[in-house]
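There are 6 protein chains.
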Amino acid sequence: MSKKKFVKDSMVNMTEFVLPNDTNTLNNLMGGRMMHFMDIAAAISAQKHCNRIVVTASVDHVSFKKGISLGSVVTLRSFVTRSFNSSMEVRIEVWVEDLTRNTKEKSNEAYFTFVAVDQNGNPINVPPIHPETDVEKAYYEGALRRRQLRLILDGKMEPEDADELKAIFYDAKDTKDS
Amino acid sequence: MSKKKFVKDSMVNMTEFVLPNDTNTLNNLMGGRMMHFMDIAAAISAQKHCNRIVVTASVDHVSFKKGISLGSVVTLRSFVTRSFNSSMEVRIEVWVEDLTRNTKEKSNEAYFTFVAVDQNGNPINVPPIHPETDVEKAYYEGALRRRQLRLILDGKMEPEDADELKAIFYDAKDTKDS
Amino acid sequence: MSKKKFVKDSMVNMTEFVLPNDTNTLNNLMGGRMMHFMDIAAAISAQKHCNRIVVTASVDHVSFKKGISLGSVVTLRSFVTRSFNSSMEVRIEVWVEDLTRNTKEKSNEAYFTFVAVDQNGNPINVPPIHPETDVEKAYYEGALRRRQLRLILDGKMEPEDADELKAIFYDAKDTKDS
Amino acid sequence: MSKKKFVKDSMVNMTEFVLPNDTNTLNNLMGGRMMHFMDIAAAISAQKHCNRIVVTASVDHVSFKKGISLGSVVTLRSFVTRSFNSSMEVRIEVWVEDLTRNTKEKSNEAYFTFVAVDQNGNPINVPPIHPETDVEKAYYEGALRRRQLRLILDGKMEPEDADELKAIFYDAKDTKDS
Amino acid sequence: MSKKKFVKDSMVNMTEFVLPNDTNTLNNLMGGRMMHFMDIAAAISAQKHCNRIVVTASVDHVSFKKGISLGSVVTLRSFVTRSFNSSMEVRIEVWVEDLTRNTKEKSNEAYFTFVAVDQNGNPINVPPIHPETDVEKAYYEGALRRRQLRLILDGKMEPEDADELKAIFYDAKDTKDS
Amino acid sequence: MSKKKFVKDSMVNMTEFVLPNDTNTLNNLMGGRMMHFMDIAAAISAQKHCNRIVVTASVDHVSFKKGISLGSVVTLRSFVTRSFNSSMEVRIEVWVEDLTRNTKEKSNEAYFTFVAVDQNGNPINVPPIHPETDVEKAYYEGALRRRQLRLILDGKMEPEDADELKAIFYDAKDTKDS
Numbered sequence: 408m409s410k411k412k413f414v415k416d417s418m419v420n421m422t423e424f425v426l427p428n429d430t431n432t433l434n435n436l437m438g439g440r441m442m443h444f445m446d447i448a449a450a451i452s453a454q455k456h457c458n459r460i461v462v463t464a465s466v467d468h469v470s471f472k473k474g475i476s477l478g479s480v481v482t483l484r485s486f487v488t489r490s491f492n493s494s495m496e497v498r499i500e501v502w503v504e505d506l507t508r509n510t511k512e513k514s515n516e517a518y519f520t521f522v523a524v525d526q527n528g529n530p531i532n533v534p535p536i537h538p539e540t541d542v543e544k545a546y547y548e549g550a551l552r553r554r555q556l557r558l559i560l561d562g563k564m565e566p567e568d569a570d571e572l573k574a575i576f577y578d579a580k581d582t583k584d585s
Numbered sequence: 408m409s410k411k412k413f414v415k416d417s418m419v420n421m422t423e424f425v426l427p428n429d430t431n432t433l434n435n436l437m438g439g440r441m442m443h444f445m446d447i448a449a450a451i452s453a454q455k456h457c458n459r460i461v462v463t464a465s466v467d468h469v470s471f472k473k474g475i476s477l478g479s480v481v482t483l484r485s486f487v488t489r490s491f492n493s494s495m496e497v498r499i500e501v502w503v504e505d506l507t508r509n510t511k512e513k514s515n516e517a518y519f520t521f522v523a524v525d526q527n528g529n530p531i532n533v534p535p536i537h538p539e540t541d542v543e544k545a546y547y548e549g550a551l552r553r554r555q556l557r558l559i560l561d562g563k564m565e566p567e568d569a570d571e572l573k574a575i576f577y578d579a580k581d582t583k584d585s
Numbered sequence: 408m409s410k411k412k413f414v415k416d417s418m419v420n421m422t423e424f425v426l427p428n429d430t431n432t433l434n435n436l437m438g439g440r441m442m443h444f445m446d447i448a449a450a451i452s453a454q455k456h457c458n459r460i461v462v463t464a465s466v467d468h469v470s471f472k473k474g475i476s477l478g479s480v481v482t483l484r485s486f487v488t489r490s491f492n493s494s495m496e497v498r499i500e501v502w503v504e505d506l507t508r509n510t511k512e513k514s515n516e517a518y519f520t521f522v523a524v525d526q527n528g529n530p531i532n533v534p535p536i537h538p539e540t541d542v543e544k545a546y547y548e549g550a551l552r553r554r555q556l557r558l559i560l561d562g563k564m565e566p567e568d569a570d571e572l573k574a575i576f577y578d579a580k581d582t583k584d585s
Numbered sequence: 408m409s410k411k412k413f414v415k416d417s418m419v420n421m422t423e424f425v426l427p428n429d430t431n432t433l434n435n436l437m438g439g440r441m442m443h444f445m446d447i448a449a450a451i452s453a454q455k456h457c458n459r460i461v462v463t464a465s466v467d468h469v470s471f472k473k474g475i476s477l478g479s480v481v482t483l484r485s486f487v488t489r490s491f492n493s494s495m496e497v498r499i500e501v502w503v504e505d506l507t508r509n510t511k512e513k514s515n516e517a518y519f520t521f522v523a524v525d526q527n528g529n530p531i532n533v534p535p536i537h538p539e540t541d542v543e544k545a546y547y548e549g550a551l552r553r554r555q556l557r558l559i560l561d562g563k564m565e566p567e568d569a570d571e572l573k574a575i576f577y578d579a580k581d582t583k584d585s
Numbered sequence: 408m409s410k411k412k413f414v415k416d417s418m419v420n421m422t423e424f425v426l427p428n429d430t431n432t433l434n435n436l437m438g439g440r441m442m443h444f445m446d447i448a449a450a451i452s453a454q455k456h457c458n459r460i461v462v463t464a465s466v467d468h469v470s471f472k473k474g475i476s477l478g479s480v481v482t483l484r485s486f487v488t489r490s491f492n493s494s495m496e497v498r499i500e501v502w503v504e505d506l507t508r509n510t511k512e513k514s515n516e517a518y519f520t521f522v523a524v525d526q527n528g529n530p531i532n533v534p535p536i537h538p539e540t541d542v543e544k545a546y547y548e549g550a551l552r553r554r555q556l557r558l559i560l561d562g563k564m565e566p567e568d569a570d571e572l573k574a575i576f577y578d579a580k581d582t583k584d585s
Numbered sequence: 408m409s410k411k412k413f414v415k416d417s418m419v420n421m422t423e424f425v426l427p428n429d430t431n432t433l434n435n436l437m438g439g440r441m442m443h444f445m446d447i448a449a450a451i452s453a454q455k456h457c458n459r460i461v462v463t464a465s466v467d468h469v470s471f472k473k474g475i476s477l478g479s480v481v482t483l484r485s486f487v488t489r490s491f492n493s494s495m496e497v498r499i500e501v502w503v504e505d506l507t508r509n510t511k512e513k514s515n516e517a518y519f520t521f522v523a524v525d526q527n528g529n530p531i532n533v534p535p536i537h538p539e540t541d542v543e544k545a546y547y548e549g550a551l552r553r554r555q556l557r558l559i560l561d562g563k564m565e566p567e568d569a570d571e572l573k574a575i576f577y578d579a580k581d582t583k584d585s
């Protein structure tokens, strides 16, 4: 698989119709069901990048802004932002449409991380990704910082070693002080 | 609802059997399905605390350590750690058992946040919680710090205002320097 | 598997949220769906006792007292009461909570029987159980009587050989007559 | 609804294909899923008899003789045997076919009881049934005895008042003794 | 498998209860879910005819006359009309009952085609069918004409070679002209 | 809703992962499940065009070329080709990807017809569509011919009145004869 891999190679567009069993007693989409949609879209993106079986390694902070009602159409777009050895970060963006009211708005976005594995479930290296547009490059750069936060939250990195992440706190302070 | 609310009042024990449709092509539980289980357990905990309809507001960073195979038994335990106006933080702990091998191990834990709403979906205040044991008190205290991280990640708080959270970076540094 | 087995080793707590597809046209949980919940909880209890694959052998009489509405939380507790060669009797107790009204009541209970099998589906012996509390001992004793009723209803025992069971009719009569 | 009601008016034929999510780790149909199939067939029979919404009131003893493998075809036939005020007893017979081996055999049978209710869930009277064939008449007669066993098992009848049922024990004894 | 095969050997009766997740926002059964029911019934008919694994090869034009509401009972009857080498045409007839209103009416009918395959998925010959009644013979004859339309629509036959089908257009014209 | 409607306004991209319960005993996607996917994508396209609730009116001939295995990714693209009073024809194109083998191929295509309805289920007029590209115009023109075939197959048009459709038979003949 020596072919050079671009962000667009991993692009996934998914459309889901909110059905009764997906909703809570207010007839709104349950958060866990939305996470399920996001995981499937993101896993397919990761598989498109590495052409391997992938397993979900982590889910970053996700927040849900407002209720999504029964009968709404949920559109997801996901793509790999960067790979690290055997892992891939995938960005997922979600929009919600109410087709009878003809409205469409951004619902939320999230980053999921996947690990490529062989048939025995052991991690296996994945190809690097080549960001092309400015937006893709920004996601590619930001991936380092998000990865450090993940490592700290998982207890695998000491906060003072998180150079990329610390900058947020110090820089913000400096900026404000000056 | 003047009754004093304790952590144990919101305790939920949930047991799920991993079925074929919950698994990926390696016959392992898909991450999104696990998030779905966690969301349902956590939502019931939040409902037990406030006796109101609740909606998922956010999901904190979750990481998945190892594959959970088809036929495994997943046990979830969830409880409210602290409430803030109309929102409640819920801690979810997950264990996995392979009953034919008689093994049981901690899989992961996570924090989900829920908002109590009225019949029109508008936020409504929830009662405070009274932590009793040392462990409950530790989760209660930590809730402030986790909340600041959530607010920063959602762009609702400036990093330099996150007093609770900054301590992690500064203190860690001081500790190491000294 | 020389470890001594107690009732508490097979204890399962399960929590289910009643979703739209679980309900009939009155928005009440369908009896068959409840039986499905009970079977899963009970099968996990039997598996915890014998650490083998188990198959449902029989379901004793179950009665449903009142409707359980959409959005209710169903809590099941199950445990092995006694084992016989390759079979285990499991008691399942069900409670229903309406969390917005803050009510919780016993819904029903039932006994399911499971057989432990090897990979080819052939019956295989299971360990005996050691009842500890008075309540556990009462279920252990009653298991003999319930087993005789099962054997008669399955046409595998002549009614006049059901010593344990006949006592119900004769004793009751004697008690009343005296 | 003055039309005279016959057993054939409530006849339901149902065919189910055993799918992966219906099976346990031996790839056999789970008992609880079978109960779910039986409940749906039986509920439709009861609805055909009374043209009302019905709710499951009780399930009689069911035993499962042998494993039913993934991909099998399960055929159910159900019909009302007798009605009592607001309740109806439904007999369900189940066959299993392995279409690639061209085998078909009786799996099991069971009796479920349903209650007809109005829109508020209150019991409402149902029409009597008119058994026509000898087989239908035998089921009609047996319904009395099965009902007494249900009432005893539910603690609603004293064993010594169960005239129909007691006969099983006494008569069997007499028959054997003579 | 030298046994002579009749239409009645492949007869399947299926009954489905329309559940919430099967319905659209008008609470009517979705067309795609109905197609799913039809495919399962028809596949079982084809399997009964050939005692082989079968795969759906094509679906003929299906039209849906009117909405089928939540809680309705859908009854399907399917049977093989004719076989061609490795393929079988199956006719499916669908009725809808509203049991609380005691109405039953024909909903629609359709023809699905299946191919029998071996364990590797390669086509394998199936036995001929022996129509017995006049109705069965009419479906048997019509199968040729429907097959030509399928071949044309799939681009596998030139319209001018479709002798059976062309008759519809020419004969109809002649009939009208005369 | 005076806005001019284009084909691109109704474009839907849907991605589905083939799960165990979607497959038959050969581990291939069942035809009926594929129809279900197609119906959902197409219904969303129709809703995007008319911003109304829509119901499936008919499904044109669909053929399935080869098996789609468990774990494959199915990609659907659908769009409205033409509207007629209250009905809309939607074209659905399906591709199948095996991501571990990095293959993608066209699976099949189909035309579904939907009717826009008001809250009582009565048909309601939909806006015309404005085809822009040559491909869109070709689908727009072909829609007339396909509609005549549908009307004939539904018995709502006499074959000799199907001017658009008859041309296929006559022209083909002429072409061959000349």
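Protein chains in written order, with my numbering: chain W, 408 to 585; chain Y, 408 to 585; chain F, 408 to 585; chain R, 408 to 585; chain B, 408 to 585; chain X, 408 to 585.
Even for Gly, the Cβ is constructed at its ideal location relative to N, Cα and C.
Being a predicted model, the structure only gives us computed values, none of them experimental.
With DSSP as the reference, label residue i as helix, strand or coil.
i	result
Leu426/F	coil
Ile475/X	coil
Ile531/R	coil
Lys455/X	helix
Lys415/F	helix
Starting from residue i, trace the beta strand (DSSP E) both ways and give me its first and last residue.
i	result
Glu620/B	Summary: the structure shown does not reach residue 620/B, with chain B confined to residues 408 through 585, and so no result is reported for it.
Ser490/R	Val480 to Phe491
Lys513/R	Thr510 to Val524
Thr432/X	Looking at the DSSP string, Thr432/X is not in any beta strand (DSSP E), and its letter there is neither H nor E.
Closer than 7 Å to a non-hydrogen atom of the ligand NAP - does that hold for the CB of residue i?
i	result
Met564/B	The ligand NAP is absent from the structure shown, which contains no ligands of any kind.
From the beta carbon of residue i, is the nearest beta carbon of chain R less than 8 Å away?
i	result
Phe424/B	yes
Glu434/Y	In the sequence as displayed, the identity of residue 434/Y is Asn instead of Glu. So, not an interface residue.
Can you check whether the C-beta of residue i is within less than 8 Å of a C-beta belonging to chain F?
i	result
Asn428/B	yes
With a cut-off of 8 Å, does the C-beta of residue i fall near any C-beta of chain X?
i	result
Ser626/B	The structure shown has nothing for residue 626/B, since chain B only spans 408 to 585.
Val522/W	no
Do we get a CB-CB distance below 8 Å when we pair residue i with the residues of chain Y?
i	result
His456/W	no
Glu551/W	First, the amino acid is wrong: residue 551/W is Leu here, not Glu. It does not: the Cβ of Leu551/W has no partner Cβ on chain Y nearer than 8 Å.
Counting contacts by CB-CB distance shorter than 8 Å, is residue i in contact with chain B?
i	result
Ile499/R	no
Contained alpha helix (DSSP H) runs [length at least 4] in the segment 532-575 of chain Y, N- to C-terminal order: 541-560, all fully within the segment 532-575 of chain Y.
What are the residues of the segment 469-497 of chain X that lie near chain R, defined by any Cβ-Cβ distance shorter than 7 Å? Correct list: empty, as no residue qualifies.
Against chain B, which members of the segment 503-519 of chain R pass a CB distance test of less than 7 Å? Within the segment 503-519 of chain R, the residues whose Cβ lies closer than 7 Å to some Cβ of chain B are Leu506, Thr507 and Asn509, listed in chain order.
Anything in the segment 527-539 of chain W with a Cβ closer than 7 Å to a Cβ of chain Y? List those residues in chain order, please. If the cut-off is 7 Å between Cβ atoms, the segment 527-539 of chain W has Gly528 near chain Y.
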